[in-house]
Amino acid sequence: MLLECKHEWSRNEEAVSNAHTELGHRNALHAISTIQGQFTAPLASLACVAFALLFFAGDVKGNQELAALPFDLTAGVFFVTLGLATLGFFARNGTIRTQVLWLLFLFLTVATALIWTEFTPYAIDKVVRFFTLSLAAALLPAFILTRAQDVRLFVKALIVLGALISVAALIQVFAGETVNGRIRGISADTITLGRNAGVALVGLYTMVSCGGKSKIWLAVLCLPLLLVLVASGSRGPTLFAVGVTAFVTIRWTRKSLRGTAIALALFISLVLAISHDPPLVPRLASDRIVQFIENRFDSSAEERVSAGRAAIHQIGNSPLGLGIAGFARVYSFGNVTNRVYPHNIVLEIAVEEGWIAGALFVVICVVGISRGYRAAVQDATLRPFFSILVFSLCNALVSGDMNDNRIVYALLCITLISLEIIKAGADNQRACTAELT
């Protein structure tokens, strides 16, 4: 009897010792996780902001106030972002999502076109930028934007930076300073200003309309953003911004009094900005948009239509593509002999890098939009991101070459991993709830 009691006592002591050891391990792991979180959280936030700045640096670095910088602004922001992404990657034990392989395969497919590329100055510039800045834009989100809050911070940074650039341009509106009857602010050109203002507008409108806790005064900021958009005379960004806001209103905010009121105010402001006499924006800028709506194309619009038709014709004759920047060898307009492209990212990839690359890009876009929409339905805070994705992709179909539209690669990368980000966030929340209970 005494022997049995001693055995029982020994087993109890062993069980208590094992319980204390397990509790110690759990406390140690929790402490390590807390330390890593304290280190990676500020790092992740800084990386998100730097990554957003990467898409605006090239637009403003030509400004006179920034000309005194002893380094290239785009290169500087690029290396800072790359460094932060690397630190964050190792701080999170080197985890990465496999969905980015879609985009990596796209870049590898484009790389095969280097074999038959004729390396003109434009081709060299295009290759260098595509396999550095554009490649980084496509892959870095997998290292930086690993949580839903990272995506939200990135979107807010895009909105704030676009709004700041628009405010600088708004000064030109009231001062009456124009470039060929349009404004461009500190942006490289008028179309770039239109894109920046459009990103800020659609993102802010969706955030205010769909966000339950958004301050109503933020809605007022949508009005000057629309004014800058029209004053830039950028037809594509203006019309796509109106289309995206209309979709958001119909799909998500039609039953909301606040959303309906904001949409109505924007529509009235658009009509007044275009039709008011004297105009609230430069007359040439508003006339440019009105003429396009009335199906009266100027030389710029006709040139884009002509370039698109030529690209479609060449696609049928060149399954492997013409090589990077090869479209400029078979098509030219006026005195422009360099930087000739179809002004449509799908046609550009298909005509220069071949059918496989073009088809793969279309598949990635379709899958990305589908996953982004599902993510926006599941998490209302991701709806501003989806609005910016659709707006940017639409713009890529009517202007710029495949490097000018590098933000599209970043947004597609984010949307490919968006559902996994939401699932991971839900799993973490359930795990935290389980620990508390």
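First residue of the sequence shown? That's 153 in this note's numbering, and the numbers climb one at a time after it. The C-beta atom is built at its ideal place from N, Cα and C for all residues, glycine as well. Note that the structure is a prediction, hence the values are computed from the model and not measured.
query	result
Check whether Leu345 and Ser286 have beta carbons under 7 Å apart	no
Classification of Gln251 by the beta-carbon crowding that lies within 10 angstroms, buried from 16 upward	buried
Phe223, DSSP secondary structure in three states	coil
Contiguous alpha helix (DSSP H) assignments of at least 4 residues, all confined to the stretch 529–558	535–548
Reduced DSSP secondary structure (H/G/I, E/B, other) of Glu572	helix
Helix, strand or coil at Leu181 [DSSP, three-state]	Since pLDDT at Leu181 reaches only 39, below the 50 mark, its modelled position is unreliable, and the value read off the structure follows with that caveat. Reduced to three states, the DSSP call for Leu181 is helix.
Where Phe485 falls: helix, strand or coil (DSSP)	strand
Per-residue burial, Ala321 [other beta carbons within 10 Å of its own, 16 or more giving buried]	buried
Endpoints, the alpha helix (DSSP H) within which Tyr493 is located	It is not in any alpha helix (DSSP H) - Tyr493 carries neither H nor E in the DSSP assignment.
Per-residue burial, Asn555 [other beta carbons within 10 Å of its own, 16 or more giving buried]	buried
Whole runs of the alpha helix (DSSP H) within the stretch 241–273, excluding any shorter than 4 residues	253–263
Pair within 7 Å by beta-carbon distance, Val400 and Thr358	yes
Residue span of the alpha helix (DSSP H) that contains Phe449, given as start and end	Segment: none, Phe449 is in no alpha helix (DSSP H) and carries neither H nor E.
Nearest-angstrom Cβ-Cβ length linking Ala300 and Leu534, presumed shorter than 8 Å	7 Å
Per-residue burial, Ile467 [other beta carbons within 10 Å of its own, 16 or more giving buried]	buried
Assigned exposure category for Ala167 - 16 Cβ within 10 Å defines buried	Caution is warranted here: a pLDDT of 48 is assigned to Ala167, below 50, making its placement in the model unreliable, and no coordinate value can be reported.
Between the CA atoms of Phe537 and Arg347 - distance to the nearest angstrom	15 Å
Trp161, buried or exposed, once every other Cβ within 10 Å from all chains shown has been counted against 16	Bear in mind that the predicted position of Trp161 carries a pLDDT of just 45, short of 50, making it too unreliable to give a figure here.
Gly510 - DSSP class collapsed to helix/strand/coil	helix
Alpha-carbon spacing of Leu545 relative to Ile516, whole angstroms	12 Å
Beta-carbon spacing of Ile633, Glu504 below 7 Å	This structure cannot settle anything about residue 633, because the visible part of the chain is limited to 153 through 589.
Under 7 Å between C-beta atoms of Arg249 and Glu572	yes
Reference Leu256, options Tyr561, Leu416, Ile574, closest by Cα	Tyr561
Pro434 - DSSP class collapsed to helix/strand/coil	coil
Leu206 vs Thr233 beta-carbon contact at 7 Å	yes
C-alpha gap between Lys308 and Thr298, whole angstroms	16 Å
Inter-residue Cα distance where the pair is Ile508 and Val372	46 Å
Straight-line gap, Trp404 to Cys200 (C-alpha atoms, nearest Å)	27 Å
For Gln188, the three-state DSSP class (helix, strand or coil)	With a pLDDT of only 42 at Gln188, under the threshold of 50, the placement of this residue in the model should not be trusted; the figure read from the coordinates follows. Note: Gln188 maps to helix in three-state DSSP.
For Ala643, the first and last residue of its enclosing alpha helix (DSSP H)	In the structure displayed, the chain extends from 153 to 589; residue 643 sits before or after that span and is not available.
Classification of Ser458 by the beta-carbon crowding that lies within 10 angstroms, buried from 16 upward	exposed
Nearest to Val423 (by Cα), restricted to the options Ala413, Ala398, Leu378	Leu378
Own chain, CB closer than 6 Å to Ile559, minus 5 neighbours either side, in chain order	Phe207, Ser544
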